Each structure stands twice: as C-alpha cells, then as structure tokens.
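Keeping their order, the protein sequence lines are chains S and X. Count the first sequence with our numbering and you get residues 241 to 525, in order. Count the second sequence with our numbering and you get residues -13 to 341, in order. Below: one structure, written as structure tokens.
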Amino acid sequence: MIKSRHLRLLLGVPAVALIFVFMILPITNMVEMSFRVPGAVDPFGDDYTLMHYARVFGDGFYWNVLVRSLLTAAGVAILCLIVSFPIAWHLSKASGMKAALLYALIASPLMTGVLVRNFGWMIVTALNGPLNESLIALGIISQPLRLLFTQTLVILALVHVFVPFMVLPINNALRNIPDNLVEASVSMGASRYRVFRDIILPLSFPGIQPGLILVYVLAVAAYVTPALLGGQMVTYMPTLIIAELTGTFRWPLGSALAIMLSLSTILVVGVFTALTWRLMERARA
Amino acid sequence: MATVDVKNLRKRYDDFVALDGVSIAARSGELVTLLGPSGCGKSTTLRCLAGFLEPDGGEIELDGQSILATPSNRRGFGVVFQNYALFPHMTVAENIGYGLKLRKCSADEIKTRVHDVMSLVKLTGLEHRMPREISGGQQQRVALARALVLKPKLLLLDEPLANLDARLRDEVRWLIRDLQQQSGITAFYVTHDQSEAMAISDMVAVMKKGRVAQFASPREIYQKPVERYVADFTGEANFLSCRPLRALGEGRMRVRVGGAELDVECVPSLKPDDAAELLLRPESLALAGSGEAATFRGKIVKSAFLGASQHCEIALADGGVLKLTTPPNTPVRIGEDVGITVDRSHAWLMPEVAA
C-alpha cells in the first residue's frame, strides 16, 4: 500500500519539477526583482525599495493602461462567447465526417503561427489592402477604412484566434444535455426561446464559465497581436511591460507592472468565479 | 376527457419504414398500450402523438379535430420519458412547477398545485431536493407529477418503468394506473413488457414492423390472438400445426391435431382449407390422472421446479412439443409416458401466417 503510494507520488515528479523550474522560480525571481532599486549599469541594483509600486499604483497612466487591458480582454471574452455559442451548438449536433470537418475548421486559427496570422491581418486590412480595395470597388465605401493599428482590429483578431477555446468547452456541455430535456420542456409548453433560456443556457454554463475564463486570461496576456495590429497607437499592459524590460531596461519597474497585471487578473477571475458559483453548482448534474 | 383517433399513420426514414399505416383509437379515459419489440414503431407512434415527429402521412385527431398542424408546445399533452428527463438544474418543486410557470400562474397557485400533486404521488418533503439526490422511483414519480400537474388532455408514457428495478416497477405501475383512473385522463403507454401491458391497459395494440397486428382488450389479445406473432408476444404459448376438417358454424371448427379430433374456437375469418395452428396456453393443459381420458399422449422430456409450480415439456408422438405447468408436487419422471388433457374452451385456432 505504502509502496504503491510512493510510486504514485513519484509519477508526479516530472510535472512538479517542470513547474518549479519554469514557473515558481521565475515568478519568485520576478517578485524579488520588483523590490530592487534601479541600477546604474546593471538592470537593477542591490538594495530593496517600494518605489516601483508607489510609481505604478500612483500614476494614472498605468491605471489607464491596466483598465484598458482588462476591459478589452473582457470585451474579447464576451464577443467570443456570442460568436462561439452558435458554432458550438452546430458542432454538438454534428457527427461523423461533418463533426470532424467542423472540428478542423474551428481549430484552424490555431494551426497558423502567431506571426503569420497577424501579418495576414496586416496585409488584409492595410489602407491599400484587399479588404479596402474590394469595398471601394463594390462602391460600399469611398474612402479606405482605417482598420490597421486600431483597438477594433486588435479585438477582432483576438476573438478570431480564441474562438476554439470557447467553442470546445461549450460543445462539451451541450453534448451532455439529453434531447429528452428539450422535448420535455416543449411538451410542457415552452417556446423555442424559453427552451433556450430555461434549459439550454443554464445547462451549458459548465462550458461557458471555463470558456470565458480561458479566453479572458489569454486575452489579458496577449502580446504579439496587440503589438503588431495595435501599433504604437494603442498600449496594453503586455506591450508596456515588454517595452520596460527590453526597451528601457527598467526591469524592476517592468516586474512591478507584470505583478500588478497578474494580481488584477486573478482578482477579476476570482470575483467572476464567486459570482457564478451558484449557477455552476446547479448545472453540475 | 378526450378521444384520440390515429388513422393510417405513416413515417419512413430513408429506406426504413418506421410506421406503415398505423390506426389506433382511444376512447375518453382509456389507457391504450402500444406493445411490441424494439423497432416495431411503438415509440415512433408516441412521438408523433407528442408532436416531436411529423408523420409523412395519415391523421391524428383529438376529439375529432386534427392536431397535426399544432406544434408540440401547444398540444397540452403530458409526456413521461423512460429516462425521466428531469431538469437537473431545477429542484423537484421547480421541475413540477415549470409548466405552470410557463402558463404564467401566480406564485401562490404554483405552490398549492405543486404541493397537491406531490402528495398525490407521495413525494411530500422532497420539494427542495435536486433530481440527482433522489432515487430512480422517486425521479419517475416527479416526472409523472410534472406531467399531471398541467391537467393534460392526453398522457403519453414512453416505457416509464424500463429503468426501474422489479419491485419499484410494480409500485409505480399501480400508481400510474390509479392516477390515470382517478383523473380520467386518456393515456397512451409504450412498453415491450407484456405483463405490464396486460395489467395496466384498457386496450392493447400489439405492433409488428410498423403495423398494428392486433388492437383489442388484454383478454382478447391473450386468449384470441389473430396470429402467432401476437400469441408469442403476449405470453408462453404452444403451437400445434393442424388440419381443419370442417366449419361448425360461426367461429368454430373441427380440427385434426396430434392424433386427436377437437372442436375448437377459431379466428372468424378462417376457412376450412387454410393452413392453421392451434394455440394452447400452458395453463390450459394438464397431465391426465389415472382413468381420465387424455387428448394427447407423449413422453416427458424436460421438467423444472419453479417454486409455485413445475414446468414440463412433453414430446408428442407426431413430433410436436407441448410446454405445460403442473402443481409443484406432482411427481414427474423424465421419459415417462403421460396423457395430457386440454381445456377446450381455452384452445384457439389461428391461420398459419409466415412470420
């Protein structure tokens, strides 16, 4: 008994080692770094200080960027949900070849490298790119649309790539709803809308909640897409942090910003989870 | 409450004919059972009644009015499913009150009506439990209450006892019959269990490959089946192929079977020249005592003690085998020559139909 228990614990060692070396250590290192004084030659000095936190929390500029990051991520998550639900519905009703094809199509945004995908967006949405040119040729617009380097495009591109993370858990939840429940509610007099509101939506929540959290967390931390498609005009926390780390070499300040972002993300996810706890408990059949 | 007329209902899926002209009628307050093996079309018929499926042809009338154009959610029928189909995210009381909520009843009215129906199905005290926290029997009673609380014009039950163990099955079966009788709701009941069908129904439709093989009272289905399929499906049966000799007036015939000549009742349409089979239920046969005139003679080839009775199989001289039940303590020895007496009022002659 004892021996097999030890053996089982042993199986966890590689995973724990990996997380320790590549997550716990760097994070500890970063937390420590955020309390260091700025260095004259090196990225940071030997003494400890609270000045970076004082600056980060005291400066309206950082708060602005943080709030914009969190709100944009929330917007991306909600748009993703709206786009993904009908897709998940169709996927959950499909089987055989049709289901396989749908899975492939849904996963397609993830099959392209992040740079290629974003350069694709840049080419398509450029002022003289194919999108603007076709719209002008069709007579829908007379002046090219300024899409590139706007917040709208950043949101659009993030929604595009995160759709699979929303579709798959919702598809799972929908597949677990027996058809009989719909028939039962219909026989009791429910309209299509009431079936959706009273039965489908609450019972798909075990897919919606993780989908929202997953997409939100990914969107908050997204760097490449905002950096390439947002340009210099729109600043988000990840772009700002990277700029501090690699541009101005103020590592302690960058660390403090990163910790500010992590803590606020954890807070948002925590509050969201607490608020939706009852819904989850009920739907967990 | 309501009469139902199902006329010549048809439904096909690609090249599979699910319903091939099904006609059944239910008088007001009757419980009609659709009995048959899986794939015979009994559930398809029920789903057409409920409005979950649209038939390709035929007609369904409720009190003389066609309901085919009425969508499922406007038909006002109660449906009870094999797997209960309770809403897992609602409490027992919310499940039962859901239909009332859809009808915009006041909170007070919902509360009283839910309370009343819950005491009717003996669920009082479970109002705030979730479906996953109660037993299968209780879940099926919630499903029943949920349908009854809406005072449906028609109650549709799709194998409601199939997921319950034997003891609960009996209990819930009587509950369903009692509630249906008390409320006078016309009901359709789908099952593949013949004893369930016999016990609960006013009328039974035995279904075979998308058609109704026979639609009659349980007694008639059991004692006067129109063909071997129906006899087989409704209980233990012996079949002896025989030669009709001549008609003896309306529905009676003299036949030659197993070395004997018998005068028996028969399917009215049977003619003397038709190939025919004699149905003998095990309980209409007995071992002949000494000095009793035996109809058939044969050798005991098998016997099994079943507690309340004893099961015997007897090979007749002409190759046929008869199964019969004897009292538990009748001495039987394998290989023994015995005589068999036949209760002629329970012998029944049917045309031989290719299965």
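By construction, the Cβ of each residue, glycine as well, lies at the ideal position given by its N, Cα and C atoms. Every value quoted in this text rests on a predicted model; they were computed, and no experiment measured them.
* Asked: With 16 other CB atoms within 10 Å as the buried threshold, where does N372/S fall?
  -> buried
* Which word fits Q125/X, buried or exposed, when buried means at least 16 other C-beta atoms lie within 10 angstroms of its C-beta? -> buried
* **Residues of the stretch 428 to 445 of chain S with Cβ closer than 8 Å to any Cβ of chain X, in chain order** => M428, G429, A430, S431, R434, D438, I439, P442, L443
* To do: Return the first residue and the last residue of the alpha helix (DSSP H) that H292/S is part of.
  => 291 to 298
* Asked: If you draw a straight line from the C-alpha of R163/X to the C-alpha of A173/X, how long is it?
  -> 10 Å
* Can you have a look at M351/S and say buried or exposed, based on whether 16 or more other CB atoms are within 10 angstroms of its CB? => Exposed, because fewer than 16 other Cβ atoms sit within 10 Å of the Cβ of M351/S.
* What residues match up with H178/X in a beta bridge as DSSP calls it? -> According to DSSP, which records beta bridges pairwise, H178/X is partnered with nothing at all.
* Output the residue ranges of the beta strand (DSSP E) runs that lie fully inside the stretch 21 to 84 of chain X and measure 3 residues or longer, sorted by chain position. => 43 to 48, 63 to 66
* **For F2/X, three-class secondary structure by DSSP** => F2/X falls in the strand class under three-state DSSP.
* Contact belief for L355/S with V511/S at Cβ below 8 Å, rounded distance in angstroms -> Contact flag wrong, Cβ pair sits at about 34 Å.
* Asked: What number of angstroms, rounded off, separates the C-alpha of E222/X from the C-alpha of E145/X?
  -> 22 Å
* Asked: Does the beta carbon of L421/S sit closer than 8 Å to a beta carbon anywhere in chain X?
  -> yes
* Chain-ordered neighbours of A413/S on chain X, where CB pairs are closer than 9 Å -> In chain order: nothing, as chain X lies at least about 12 Å away.
* **Nearest candidate by alpha-carbon position, reference V107/X, set M239/X, I82/X, P138/X, R13/X** => Selected option, being the one with the closest Cα: I82/X.
* Would the beta-carbon of R153/X be found less than 7 Å away from any heavy atom of the ligand NAD? -> In terms of ligand content, the structure shown is empty, and the ligand NAD therefore cannot be addressed.
* Along the alpha helix (DSSP H) that carries I96/X, what are the first and last residues, could you check? => 93 to 106
* To do: Report the neighbours of P418/S on chain X: residues whose CB is nearer than 8 Å to its CB, in chain order.
  => N69, A71
* Return the CA-CA distance between A183/X and S203/X, expressed in angstroms with no decimal places. => 10 Å
* Return the first residue and the last residue of the alpha helix (DSSP H) that L130/X is part of. => 122 to 134
* Given a cut-off of 8 Å, decide if I186/X and R48/X are closer than it, judged by their beta-carbon atoms. => Residue 48/X is actually Leu in this sequence, not Arg. Result no, Cβ atoms of L48/X and I186/X do not sit closer than 8 Å.
* Would you call A344/S buried or exposed, if buried means 16 or more other Cβ atoms sit within 10 Å of its Cβ? -> exposed
* Would you say R522/S reaches chain X, if we count a Cβ-Cβ gap shorter than 8 Å as a contact? -> yes
* Asked: Would you call the stretch 411 to 421 of chain S and the stretch 380 to 395 of chain S in contact, with 3 or more CB pairs under 8 Å?
  -> no
* Within 8 Å (strictly less), CB to CB, does V354/S reach chain X? -> no
* Tell me, please, which residues DSSP counts as bridged to G221/X. => BP columns for G221/X are empty, so no partner.
* In angstroms, rounded to a whole number, what distance separates the CA positions of L532/S and L310/S? -> Absent from the structure is residue 532/S, since the part of chain S shown begins at 241 and ends at 525.
* Go ahead and pull the three-state DSSP assignment for H114/X. => coil
* In angstroms, rounded to a whole number, what distance separates the CA positions of V399/S and I439/S? -> 27 Å
* Neighbourhood of L86/X by C-beta distance below 8 Å, restricted to the same chain and skipping five residues each side -> Hits under 8 Å: E95, I96, R99, V100, V135, L136.
* Can you find at least 3 beta carbon pairs, one from the stretch 194 to 214 of chain X and one from the stretch 6 to 17 of chain X, that sit closer than 8 Å? -> yes
* Cross-chain neighbours of A424/S in chain X, by beta carbon under 7 Å -> V65, F67, A71
* Asked: From the beta carbon of F2/X, is the nearest beta carbon of chain S less than 8 Å away?
  -> Not an interface residue.
* Asked: Exposed or buried, N224/X, counting other C-beta atoms within 10 Å across all chains shown (16 or more means buried)?
  -> buried
* Applying a beta-carbon distance threshold of less than 8 Å, which residues of chain S neighbour H343/X? -> Past the boundaries of the shown model lies residue 343/X; chain X is included only from -13 to 341, so the question cannot be answered.
* To do: Select from the stretch 23 to 37 of chain X all residues with a C-beta closer than 9 Å to any C-beta belonging to chain S, and list them in chain order.
  => R33, A36, G37
* Asked: Among residues of its own chain, excluding the 5 on either side of V3/X, which ones have a beta-carbon nearer than 6 Å to its beta-carbon?
  -> G196
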